Amino acid sequence: MTGPLSEPRLCNIGTRTLAYDEIRPEHPQGNVLFLTGLGSNRLGWRGQLPVFGEKYRALAIDHRDTGDSDPADTDYSTADQADDAAAFLRAMNAAPAHIVGISMGGFIALNLAVRWPELVSSLTLVSTSAGGASHVRPDGAGLDALRPDFTLSPGERARRTYGLIMTPGFLEANPQAADTVAANASYRPLTPERYARQFRSTRTHDVTAELDKLLVPTLVVHGDADPLVRYENGQHLAAHIPGAEFITYPATGHIPIVERVEEFNQDVLEFLAGH
Numbered sequence: 000m001t002g003p004l005s006e007p008r009l010c011n012i013g014t015r016t017l018a019y020d021e022i023r024p025e026h027p028q029g030n031v032l033f034l035t036g037l038g039s040n041r042l043g044w045r046g047q048l049p050v051f052g053e054k055y056r057a058l059a060i061d062h063r064d065t066g067d068s069d070p071a072d073t074d075y076s077t078a079d080q081a082d083d084a085a086a087f088l089r090a091m092n093a094a095p096a097h098i099v100g101i102s103m104g105g106f107i108a109l110n111l112a113v114r115w116p117e118l119v120s121s122l123t124l125v126s127t128s129a130g131g132a133s134h135v136r137p138d139g140a141g142l143d144a145l146r147p148d149f150t151l152s153p154g155e156r157a158r159r160t161y162g163l164i165m166t167p168g169f170l171e172a173n174p175q176a177a178d179t180v181a182a183n184a185s186y187r188p189l190t191p192e193r194y195a196r197q198f199r200s201t202r203t204h205d206v207t208a209e210l211d212k213l214l215v216p217t218l219v220v221h222g223d224a225d226p227l228v229r230y231e232n233g234q235h236l237a238a239h240i241p242g243a244e245f246i247t248y249p250a251t252g253h254i255p256i257v258e259r260v261e262e263f264n265q266d267v268l269e270f271l272a273g274h
């Protein structure tokens, strides 16, 4: 294993610096890059990195404007974030890689596969969407989650937001998970300005017309009770990406990487082993 998770590492990609965590075995079977969602940071993958790092070189980045990565001073697009990820993979000599993206991270993963297919070994698309006209909008709880209350502390804000988008009662029934969510959000928390820029970037995402051109092995994972990126979005991806595999987690909300952590890790590792 390379390096403790508590020490952020920095990668210069030319125009900016991205922070990342990395775990790897002595003889990795490949590379896996984890891309997190709106308002989150690389710490959200701590339920995955040690597990995947037993077999793979496992990497998780902070997107621009997030965590320990460089801030932005102007708006940017999902395609820009995908280009950041591509530059990171090249700089780290970590391509091709299996790309695992959740929510906005799935937006970035899709754009990465469209723009730089040679860098992608496979796609795992979690609680995400093709965007554009095909996107099915959030329900009321999901819309509330997109309006974080910045009068609250970062930890309490995260508890509120995750409580809206996860299975009802999950955080109350799993206090350790709730504490982890709050602690992750309290590390280098987003300012309202950074959150607004990141949110606006999600509005640029639309790969609807490109799905049938994606030729990399793809796994779509979605909870059928997701109030933020509705289940229909996962169905659309699975139906339009050639050969895509589809896993549905019943009675599961927007964060299966926490709500179904052991099952999720096993399912994705089995998928990677097949490709």
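Going by numbering that gives the first Met the number 0, 117 is the number at position 118 of the sequence shown; the sequence numbering is gapless. Glycine is no exception: its CB is placed at the ideal position from the N, C-alpha and C atoms. All values derive from a computational prediction rather than experimental measurement.
Selection from D64, A132, G273 that minimises the alpha carbon distance to N40: Ranking D64, A132, G273 by Cα distance to N40 puts D64 first.
Spatial neighbours of P3 within its chain, please: CB distance less than 6 Å, with the 5 preceding and 5 following residues excluded, ordered by chain position. Model confidence at P3 stands at a pLDDT of 42, short of 50, so the residue's coordinates are unreliable; what they give is reported in the following sentence. Correct list: empty, nothing qualifies.
R229, buried or exposed, once every other Cβ within 10 Å from all chains shown has been counted against 16: Looking at its Cβ environment, which holds 16 or more other Cβ atoms inside 10 Å, R229 is buried.
Quick check: the stretch 23–30 against the stretch 54–63, are at least 3 beta-carbon pairs closer than 8 Å? Yes, the stretch 54–63 is in contact with the stretch 23–30.
Give the secondary structure of Y19 by DSSP, where H, G and I count as helix, E and B as strand, and everything else as coil. In this structure, Y19 counts as strand in the three-state DSSP scheme.
Grouping DSSP H, G and I as helix and E and B as strand, with all else coil, what is F149? DSSP places F149 in coil when its eight states are reduced to three.
Are the stretch 190–205 and the stretch 84–94 touching, with three or more C-beta to C-beta distances below 8 Å? The stretch 190–205 is not in contact with the stretch 84–94.
Which residues DSSP lists as bridging T344, in chain order: The structure shown does not extend to residue 344, since the chain spans only 0 to 274, so no value can be given for it.
7 Å CB neighbourhood of V206 in its chain, flanking five on each side removed: Excluding sequence neighbours, V206 sits near L109, N110, V113, A129, G130.
Apply the 10 Å Cβ neighbour rule to E117 and answer buried if 16 or more other Cβ atoms are within range, or exposed otherwise. Of the residues assessed, E117 falls on the exposed side of the cut-off, its CB having fewer than 16 other CB atoms within 10 angstroms.
Could you give the residue range of the alpha helix (DSSP H) that holds I256? Run containing I256: 255–258, per the alpha helix (DSSP H) assignment.
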